[in-house]
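Since the structure comes first, as structure tokens, the remarks are kept for the end.
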Amino acid sequence: MHRVIVPKRSGIHRFACLSLYRALLRQCARLPPTIPNSGTINHLVRKKFRRYKTLQSPSQTVNALKAGYEADRQRKALDLLHSASQGNQKDVGRISALLAESKALRDKNSSEQRTLAEARPIKPLSKIERKKEESRRQQDATALRHPNAEPILSRPRPVVSGRRRVPVLVNARGIPFLRIKKPQPQNLSRVIRNKLERRWAWIERRDRLEIEKLFAKDEDYWDSLVADEEAESPSWADAVVESIQDVLSKISESDKKAKELAEKMWKIVLAEKELAEKEEAERKKREAEERQRQEATVGDNKSPSDEKNLNKIPTANSENRVQ
Numbered sequence: 001m002h003r004v005i006v007p008k009r010s011g012i013h014r015f016a017c018l019s020l021y022r023a024l025l026r027q028c029a030r031l032p033p034t035i036p037n038s039g040t041i042n043h044l045v046r047k048k049f050r051r052y053k054t055l056q057s058p059s060q061t062v063n064a065l066k067a068g069y070e071a072d073r074q075r076k077a078l079d080l081l082h083s084a085s086q087g088n089q090k091d092v093g094r095i096s097a098l099l100a101e102s103k104a105l106r107d108k109n110s111s112e113q114r115t116l117a118e119a120r121p122i123k124p125l126s127k128i129e130r131k132k133e134e135s136r137r138q139q140d141a142t143a144l145r146h147p148n149a150e151p152i153l154s155r156p157r158p159v160v161s162g163r164r165r166v167p168v169l170v171n172a173r174g175i176p177f178l179r180i181k182k183p184q185p186q187n188l189s190r191v192i193r194n195k196l197e198r199r200w201a202w203i204e205r206r207d208r209l210e211i212e213k214l215f216a217k218d219e220d221y222w223d224s225l226v227a228d229e230e231a232e233s234p235s236w237a238d239a240v241v242e243s244i245q246d247v248l249s250k251i252s253e254s255d256k257k258a259k260e261l262a263e264k265m266w267k268i269v270l271a272e273k274e275l276a277e278k279e280e281a282e283r284k285k286r287e288a289e290e291r292q293r294q295e296a297t298v299g300d301n302k303s304p305s306d307e308k309n310l311n312k313i314p315t316a317n318s319e320n321r322v323q
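Shown next, in the form of structure tokens:
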């Protein structure tokens, strides 16, 4: 079976490429300062080797190595750089011409790409991209709390413009909040996240202290064995138990406040719902009265001559009697 050789994993290939790479860089460092932009040659050598280091095709590898050895059709790159570094003005001029041609080609390509980019019509955003852009703008706009924003517990509002929106009570892992509309403001998300992180930090501290309490009991047992029976030494476990009680009290107090806040918010939801139903009934009543008023106005605008003309129009029953 034919053996597949990957060039970049072949020691012989790597040795040959590294030898060419170092030789080119060594000759670049010896070029005379009279060559304009001589540092560009060093950059081009590094760029080309970095670009072609993952080639696996034998033909592409040979072409890349030829490009490294042959600067032009007449002389090899190494010979050309070596001759220029020795002061050969003809080869120095040839290198300068090659650099000028390379720069002109890059400028031409850049100009063409710039012209194509300007002529290309702007691609409209897709539905997903528009949604992401709107979400990003909304998050930036709600990063900070509005200075004129009313506290959530000041609801229900007695008067609203338009239809009343009933809030929804949401439980975010034990943190209650009222969702008025979507998307959720960024400042509200930040407050919920901070509360959850603080509570989780207390829980982790409690778990660590529970483990420390076991070690503290072992220390107390050891002290009881080696210490004097009459001497009273402070207990290791007492300090740990006190810290555990402190953490538990913080967690309990936080849960108690969350429960009280949830009860207040639920009362707000019930009150908002009651007001919304009342306002909806009043709105339907006003619409019914408005329709009756419009029908009465249309009936009053009919003239007696219109009624006579309507009476003169033959009906289907009268035509049948005539026949």
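Heads up: the sequence shown begins at 1 in the UniProt record's numbering, then just goes up one per residue. Glycine included, C-beta positions come from ideal geometry on N, C-alpha and C. All of these numbers come straight from a predicted model, not from anything done at the bench.
- Annotation: the continuous alpha helix (DSSP H) that includes Arg22 extends over Gly11 to Ala29.
- Beta-bridge partners of Ile41 (DSSP): none assigned.
- Here Asn187 has Thr142, Ala143, Leu144 and Arg145 as same chain residues with Cβ atoms under 7 Å from its own Cβ, once five neighbours each way along the sequence are excluded.
- Non-local C-beta neighbours of Gln56 in its own chain, meaning closer than 7 Å and more than five positions away in sequence, comprise Val6 and Pro7, ordered along the chain.
- Every alpha helix (DSSP H) stretch that sits fully inside the segment 162 to 227 and reaches 4 residues is listed by chain position as 186 to 226.
- In the three-state DSSP reduction, Arg286 falls in the helix class (H, G or I).
- Burial is judged here by how many other beta carbons sit within 10 angstroms of a residue's own beta carbon; Glu253 has fewer than 16 and is exposed.
- Beyond the five residues adjoining it in sequence on each side, Lys217 comes within less than 7 Å, by CB distance, of Ala237 in the same chain, given in chain order.
- Linking Ala258 to Arg190 through their CA atoms gives a straight-line distance of about 17 Å.
- In the three-state reduction of the DSSP assignment, Thr142 falls in the coil class, being assigned neither a helical nor a strand state.
- About 6 Å separates the CB atoms of Leu78 and Gln27; that is less than 8 Å, so the two are in contact.
- Of the candidates Ala239, Arg120, Ile203 and Asn171, the residue whose Cα lies closest to the Cα of Asp220 is Ala239.
- The C-alpha of His43 is placed about 19 Å away from the C-alpha of Thr54.
- Non-local C-beta neighbours of Val269 in its own chain, meaning closer than 8 Å and more than five positions away in sequence, comprise Val166, Pro167, Val168, Leu169 and Leu178, ordered along the chain.
- Spanning the alpha carbons of Arg173 and Ser126 requires a straight line of approximately 35 Å.
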